[in-house]
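The structure appears right after this line, and notes come after that.
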Amino acid sequence: MLMKQITGAEALMRALQNEGVKTIFGYPGGAIMPTFDALYDYTRGDNKVFNHILVRHEQAAAHAAEGFSRVSGEVGVCIVTSGPGATNTLTGIADAMIDSTPIVVIAGQVGTEALGTDAFQEVDFVGMTQPITKWSYQIRRPEDISWAVSRAFYIARSGRPGPVVLDFPKSAQVQKCGWRPVKVTSVRSYEPYPHIQDDHVAAAASLINRAERPLALVGHGVELGGAQEELRQFLEKADIPAARTMLGLSALPTDHPLNMGMLGMHGNLAPNVLTQKADVIIAIGMRFSDRDTGRLDTYAKQAKIIHLDIDNVEIDKVVKTDVSVVGDCKVSLPAITRLLNKNSHREWIESFRPYWDEERRRVIEPAIHPTEGPLLMGEVVNVVAEASHGEAVLVNDVGQNQLFSCRYFHYRRKLSVVTSGGLGTMGFGLPAAVGATFGAPDRTICLFTGDGSFQMSIQELGTIMEQQAPVKVILLNNNYLGNVRQWQDMFFNKRKSFTRMLNPDYRTIADGYAINYGVAITRDDLKREVERMLTTPGPFILECAVKEEDNVLPMTPPGKSVDEMLLEVNL
Numbered sequence: 022m023l024m025k026q027i028t029g030a031e032a033l034m035r036a037l038q039n040e041g042v043k044t045i046f047g048y049p050g051g052a053i054m055p056t057f058d059a060l061y062d063y064t065r066g067d068n069k070v071f072n073h074i075l076v077r078h079e080q081a082a083a084h085a086a087e088g089f090s091r092v093s094g095e096v097g098v099c100i101v102t103s104g105p106g107a108t109n110t111l112t113g114i115a116d117a118m119i120d121s122t123p124i125v126v127i128a129g130q131v132g133t134e135a136l137g138t139d140a141f142q143e144v145d146f147v148g149m150t151q152p153i154t155k156w157s158y159q160i161r162r163p164e165d166i167s168w169a170v171s172r173a174f175y176i177a178r179s180g181r182p183g184p185v186v187l188d189f190p191k192s193a194q195v196q197k198c199g200w201r202p203v204k205v206t207s208v209r210s211y212e213p214y215p216h217i218q219d220d221h222v223a224a225a226a227s228l229i230n231r232a233e234r235p236l237a238l239v240g241h242g243v244e245l246g247g248a249q250e251e252l253r254q255f256l257e258k259a260d261i262p263a264a265r266t267m268l269g270l271s272a273l274p275t276d277h278p279l280n281m282g283m284l285g286m287h288g289n290l291a292p293n294v295l296t297q298k299a300d301v302i303i304a305i306g307m308r309f310s311d312r313d314t315g316r317l318d319t320y321a322k323q324a325k326i327i328h329l330d331i332d333n334v335e336i337d338k339v340v341k342t343d344v345s346v347v348g349d350c351k352v353s354l355p356a357i358t359r360l361l362n363k364n365s366h367r368e369w370i371e372s373f374r375p376y377w378d379e380e381r382r383r384v385i386e387p388a389i390h391p392t393e394g395p396l397l398m399g400e401v402v403n404v405v406a407e408a409s410h411g412e413a414v415l416v417n418d419v420g421q422n423q424l425f426s427c428r429y430f431h432y433r434r435k436l437s438v439v440t441s442g443g444l445g446t447m448g449f450g451l452p453a454a455v456g457a458t459f460g461a462p463d464r465t466i467c468l469f470t471g472d473g474s475f476q477m478s479i480q481e482l483g484t485i486m487e488q489q490a491p492v493k494v495i496l497l498n499n500n501y502l503g504n505v506r507q508w509q510d511m512f513f514n515k516r517k518s519f520t521r522m523l524n525p526d527y528r529t530i531a532d533g534y535a536i537n538y539g540v541a542i543t544r545d546d547l548k549r550e551v552e553r554m555l556t557t558p559g560p561f562i563l564e565c566a567v568k569e570e571d572n573v574l575p576m577t578p579p580g581k582s583v584d585e586m587l588l589e590v591n592l
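Heads up, the sequence shown is in the working numbering, so the first residue is 22 and it goes up one at a time.
Take a look at the structure:
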């Protein structure tokens, strides 16, 4: 009996369904039209399989897929056309690569007969994306679709997650093939879950048991590995204080007694300074970013370094380790915990308190509880954080809005931070927040953005309007590219070169998109409008007129050690 023949586009739909895909972000165009035609039947009626979200720009499709993935733990999917449609996703793909976010980007391509002829909207998308993906592949035959899609999802979600690109020529979309579901469970020469070496586990446990001043550095890998509970048990058994990277903030609740704050250039004073006094550092699913280490030749010189990471490439790449445990931290953490002595490091933990007290007195209280003057960004973040009781998802853009919101938001639940960490992509926030509303529909999604970042993807208000995506946008309007302005003031003799911004009337823009709007100028406004925002169904834009020249502190200046943080700036 002959197998029923279907088009390659139909085969793609079945392959995506086979992977459990429910949500797709996309934008149609010429080279991907057969696929969108097939998608039509899968998004309507009683047999609806997919929810397709029509974004307003292809870069937004990639960022929305990222936001969806970051809050759901699933693979995000976007479908775009060839040429400019494909190239518009490049920033999102690079962002996903450096932040280890699993997404699959499916791009149309000219037919195989036209490849290499500079046909209309033809680009070498595979060649462009090979350096910024885990795998980039062109599907030239419809018979390969089932295998290629399964392989793409397997690679994207396994090991250290990341983006995968499938380049899909129009000819393969329209040609016929028989359908056979394929499930890829291994790839030659690809070992996503390295075997954890028992002697390395024992060596790590031995160092920790002998440590007097241990410090855990908790990164995004804990969230990616779903190892939040394993982390808690590890820390509590040995009484180890922990600091979190920006991407690892919700791996440990804000109010956990062993949480010592955020690492990094604009992190908290105590964990940064005491990194230099620790005798054993346990880095868990973090990559020793330059924003976390500061000046390398002075970094953690008193400490033995234990590095737990699923990606062997990260071992010794930046900081020389004494013991490496390569493998999934959901497995390696319990293995180490079993060998740990029940311990107490009360004196060491108490040594963090004076630094916290100093930062609270000199930086935190003035930032979140001012009594006069214009609204401050930290104050706005704190009011929203308290009103949402640590239950909301924090999405932010890049700039001072990101730094203030990461510092002062509260986290009680895992998978609660969606930010562009490694690439630092302005314009990430709005589309990522859209994606997050579909990835975590039961949670409040709070986006903190600045007037600079907001205007880089402002067209996605159209997506929010059409989908009634319940994004709560907190627009911190200071009429500046604030972070660049801060650096100009501190390091470039106050020469404010093209950082002052003339802004549009955001109320009119919100009205044009039929989105609820509020404005906060005074402190009474702020409390009232935050409450209204959080209790109003659907999307909401809250514009906050904040101090124009506010500075994010503490700060480790470039070229300085992590214990040389500035608590104030005298300009």
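We put the beta carbon where it would ideally sit given N, CA and C, even for glycine.
For W377, the uninterrupted alpha helix (DSSP H) run begins and ends at 374-380, by DSSP. Ranked by how close their Cα comes to the Cα of F46, the residues K69, N68, E79, Y320 have E79 in first place. Across the set M522, R265, N524, V505, the C-alpha of V505 shows the shortest separation from the C-alpha of K515. The residue from M24, L33, H84, R35 with its alpha-carbon nearest to that of M447 is H84. Shortest Cα-Cα distance from M486 to any of G199, P558, T64, K191 involves P558. Between the beta-carbon of K341 and that of I326 there is about 7 Å, and that keeps the pair under the 8 Å contact cut. With contact defined as three or more Cβ pairs closer than 8 Å, the segment 27-34 and the segment 183-200 are in contact.
N417 counts as buried, since no fewer than 16 other beta carbons sit within 10 angstroms of its beta carbon. Secondary structure at V567: strand, using DSSP grouped into helix, strand and coil. DSSP places T138 outside any beta strand (DSSP E), giving it a letter other than H or E. Using a Cβ distance threshold of 9 Å, L468 and V438 do not count as a contacting pair. In this structure Y214 does not touch G242 by the C-beta definition: roughly 13 Å separates them, more than the 8 Å allowed. A535 is classed as exposed because its beta carbon has fewer than 16 other beta carbons within 10 Å across all chains shown. Here H410 is exposed, its C-beta having fewer than 16 other C-beta atoms within 10 Å. Under the criterion of beta carbons closer than 8 Å, D313 and T266 qualify as touching, at roughly 6 Å.
For A226, same chain residues with a beta-carbon under 7 Å away, outside a window of 5 residues either side, are I357, L360, L361 in chain order. Secondary structure note for D330: its beta strand (DSSP E) is the uninterrupted segment 325-330. Selection D378, F71, P491, D318 evaluated against N289 yields D378 as nearest (Cα-Cα). For the 9 Å CB-CB criterion, H287 and T577 form a contact. Straight-line measurement puts the Cα of E380 at about 48 Å from the Cα of P105.
For V494, the uninterrupted beta strand (DSSP E) segment begins and ends at 492-498. Between the alpha carbons of F309 and L273 lies a distance of about 19 Å.
The beta carbon of R528 is closer than 6 Å to those of Y538 in its chain, skipping five residues each way along the sequence. For S310, the secondary structure class from DSSP, reduced to helix, strand or coil, is coil. Counting only residues of its own chain and dropping the five nearest sequence neighbours on each side, A86 has a CB closer than 7 Å to the CB of F46, G97, V98, C99, I124, G456. Inter-segment contact for the segment 341-352 and the segment 546-563 is absent: fewer than three beta-carbon pairs are separated by less than 8 Å.
Counting every other CB atom within 10 Å of its CB across the protein chains shown gives T484 a total of 16 or more, marking it as buried. When the five nearest sequence neighbours on each side are left out, the beta carbons in the same chain lying within less than 7 Å of the beta carbon of K548 are those of V404, in order along the chain. A259 sits close to P235, with the two beta carbons spaced by under 9 Å. About 6 Å separates the Cβ atoms of I562 and L496, confirming a contact at the 8 Å cut-off. Under the three-state reduction of DSSP, K351 is assigned to helix.
Residues of the same chain with a CB within less than 6 Å of the CB of E550, apart from the 5 flanking positions on each side, are G539, A541, L563 in chain order. From the listed residues A128, T44, D62, Y432, the smallest Cα separation to F89 is found for T44. Around the beta carbon of L523, fewer than 16 other beta carbons sit within 10 angstroms, so the residue counts as exposed. Y214: not part of any beta strand (DSSP E); DSSP gives it neither H nor E. Per DSSP, the continuous beta strand (DSSP E) segment holding D188 begins and ends at 185-190.
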